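Residue numbers (this note's numbering), protein chains in the order written: chain A, 103 to 266; chain B, 151 to 419.
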């Protein structure tokens, strides 16, 4: 066996061992670093709350006369029915969900939220409408629902203060 | 082609590479179809990306946003080159290296929207790349790693669901099919009238995931059947949930799983 092959084998052995550690949740204690190159994914697929809920972003504007517009849903990309092999809607829909989940995760730290990329998305969703209508500020709300479940009650998760 | 040809590392590597290249090609085309996301004001514009990585906006004023169209074009071309190299038996190192670099770029350029399919594809590409740097033994190690990573992924996914009461009683699956994101109205209406079926589907999913690693030691007709069932599961997931890239990413590991099965059971040619 070439030395190269031995090094390759060792690399895979270490990589796999770290993957096992990652699944067991020992990552932070033993390694203590994040995974910037996504080499150690955690395979807890469809085990979070997010798998059972749709998240919606709603925005309303405050007009110069002090009144508010109605809450308008932003985004909410629908998936095309033929998506077995070709589904370009997957990326924007997943990105929207990730964005809203990140906002939910940061809601206790307004400063961090406003520095985040997710905040930039929220803000951008309101800017164009605000400019067109001469609004002085905006407010957003995130709700959780299940569109096809008659028993599920829409749950409001966040209502932000007015921004800016 | 006799299925036992997959006991040859070179054949298994080609099969894995072809499937992964197909997935990378579809991903690149999907990226091109959604390039407006990356333009100013889009969901994934450069400002969103920079903010996510906590960099000041004026940190890279002269570079600007990299062209996603160019990157997707290179990715599609490299995927084609990898597939051609796999078919012709040419060295795979260069196209795999390009694909790996492109995937690293995507990690940083798309802080939102990533799924497990990209993670598995990324892992398989890097494993094949590392293996291609050695002899056939290096490639054998790569195949073993890909197979074991695949088994670990299924086992972990199944075990994580097993310990959740919502999966055991079917309520998680019920919730999932009722969402706009994962389900559709007709399917939800049909299945809500059949709660026993929902529970049966849920149990099948996580039990199937947990027993997937047994394919490595199963007699090879059973192993083939198991992989066919798993592939059918991914096709169903692609059709029903829209997770098309999982089909390419995970089915790409199956030749490696079969290679490991043949090696474990001592039936290499």
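No residue lacks a Cβ here, since even glycine has one placed at the ideal position from N, Cα and C.
Just so we're clear, the structure is a prediction, and the values are computed from it rather than from any experiment.
Apply the 10 Å Cβ neighbour rule to residue i and answer buried if 16 or more other Cβ atoms are within range, or exposed otherwise.
i, result
"residue 296 of chain B", "buried"
"residue 268 of chain B", "buried"
"residue 251 of chain A", "buried"
"residue 335 of chain B", "exposed"
"residue 234 of chain A", "exposed"
"residue 206 of chain B", "Unreliable placement is indicated for residue 206 of chain B, whose pLDDT of 49 sits below 50; no coordinate value is reported for it."
"residue 217 of chain B", "exposed"
"residue 261 of chain B", "buried"
"residue 151 of chain A", "exposed"
"residue 144 of chain A", "buried"
"residue 106 of chain A", "exposed"
"residue 282 of chain B", "buried"
"residue 189 of chain A", "buried"
"residue 330 of chain B", "buried"
"residue 194 of chain A", "buried"
"residue 357 of chain B", "exposed"
"residue 372 of chain B", "exposed"
"residue 199 of chain B", "buried"
"residue 416 of chain B", "exposed"
Going by CA-CA distance only, name the one from the options that's closest to residue i.
i, options, result
"residue 110 of chain A", "B:258, B:279 and B:339", "B:279"
"residue 158 of chain A", "A:233, A:171, A:164 and A:227", "A:227"
"residue 198 of chain A", "B:369, B:195, B:203 and B:286", "B:195"
"residue 153 of chain A", "B:373, B:316 and B:376", "B:316"
"residue 232 of chain B", "B:172, B:190 and B:192", "B:172"
"residue 101 of chain B", "B:161, B:328, B:229 and B:179", "Since the displayed chain B opens at 151 and closes at 419, residue 101 of chain B lies outside it and no answer follows."
"residue 299 of chain B", "B:332, B:274 and B:219", "B:274"
"residue 239 of chain A", "A:253, A:120 and A:230", "A:230"
"residue 146 of chain A", "B:185, B:413, B:380 and B:302", "B:302"
"residue 264 of chain A", "A:254, A:148, A:160 and A:114", "A:160"
"residue 256 of chain B", "B:393, B:239 and B:220", "B:220"
"residue 162 of chain A", "A:112, A:108 and A:241", "A:241"
"residue 332 of chain B", "A:222, A:196 and A:168", "A:196"
"residue 178 of chain A", "A:136, A:164 and A:191", "A:191"
"residue 219 of chain A", "A:210, A:232 and A:202", "A:202"
"residue 224 of chain A", "A:210, A:244 and A:211", "A:244"
"residue 374 of chain B", "B:326, B:412 and B:181", "B:412"
"residue 223 of chain B", "B:183, B:170 and B:345", "B:183"
Taking only three categories from DSSP, how would you classify residue i?
i, result
"residue 258 of chain A", "strand"
"residue 173 of chain A", "coil"
"residue 245 of chain A", "strand"
"residue 206 of chain B", "Since pLDDT at residue 206 of chain B reaches only 49, below the 50 mark, its modelled position is unreliable, and the value read off the structure follows with that caveat. Coil."
"residue 238 of chain A", "coil"
"residue 158 of chain A", "strand"
"residue 119 of chain A", "helix"
"residue 418 of chain B", "Since pLDDT at residue 418 of chain B reaches only 48, below the 50 mark, its modelled position is unreliable, and the value read off the structure follows with that caveat. In this structure, residue 418 of chain B counts as coil in the three-state DSSP scheme."
"residue 330 of chain B", "coil"
"residue 201 of chain B", "helix"
"residue 163 of chain A", "strand"
"residue 400 of chain B", "helix"
"residue 255 of chain B", "helix"
"residue 409 of chain B", "helix"
"residue 295 of chain B", "helix"
"residue 265 of chain A", "strand"
"residue 185 of chain B", "helix"
"residue 175 of chain B", "helix"
For residue i, which residues of its own chain have a beta-carbon under 7 Å away from its beta-carbon, when the five flanking residues on both sides are left out?
i, result
"residue 384 of chain B", "396, 397, 400 and 401"
"residue 235 of chain B", "241, 242 and 245"
"residue 226 of chain B", "175, 178 and 179"
"residue 190 of chain B", "none"
"residue 214 of chain A", "208"
"residue 192 of chain B", "186"
"residue 264 of chain B", "none"
"residue 391 of chain B", "332"
Going along the chain, which residues of its own chain have a beta-carbon closer than 8 Å to the beta-carbon of residue i, five neighbours each way excluded?
i, result
"residue 166 of chain A", "236, 237 and 238"
"residue 410 of chain B", "293, 294, 297, 298 and 366"
"residue 203 of chain B", "258 and 261"
"residue 162 of chain B", "156, 293, 405, 406, 408 and 409"
"residue 379 of chain B", "358"
"residue 387 of chain B", "393, 396 and 397"
Excluding the five sequence neighbours on either side, which residues of its own chain have a C-beta within less than 6 Å of the C-beta of residue i, listed in chain order?
i, result
"residue 311 of chain B", "317 and 356"
"residue 426 of chain B", "With chain B covering 151 to 419 only, the question about residue 426 of chain B has no answer from this structure."
"residue 176 of chain A", "159, 161 and 227"
"residue 324 of chain B", "348"
Give a single yes or no on whether residue i has its beta carbon closer than 7 Å to a heavy atom of the ligand SAH.
i, result
"residue 143 of chain A", "Looking for the ligand SAH in the displayed structure turns up nothing, as the structure carries no ligands at all."
Should the stretch 350-358 of chain B be called in touch with the stretch 282-299 of chain B, which here means at least 3 C-beta pairs below 8 Å? Cβ pair count under 8 Å is below three, so no.
Report yes or no: do the stretch 197-212 of chain A and the stretch 254-266 of chain A share at least 3 C-beta pairs separated by less than 8 Å? Taking a cut-off of 8 Å on C-beta distances, the stretch 197-212 of chain A touches the stretch 254-266 of chain A, as three or more cross pairs fall below it.
Does the stretch 403-416 of chain B touch the stretch 165-174 of chain B, meaning 3 or more C-beta pairs lie closer than 8 Å? A contact exists between the stretch 165-174 of chain B and the stretch 403-416 of chain B.
Taking one C-beta from the stretch 139-151 of chain A and one from the stretch 255-272 of chain B each time, how about it: are there three or more such pairs within less than 8 Å? Touching, yes.
Flag this pair as touching only if the stretch 165-181 of chain A and the stretch 302-310 of chain B have three or more C-beta atom pairs under 8 Å; answer yes or no. Judged by Cβ distances under 8 Å, the stretch 165-181 of chain A makes no contact with the stretch 302-310 of chain B, as fewer than three pairs qualify.
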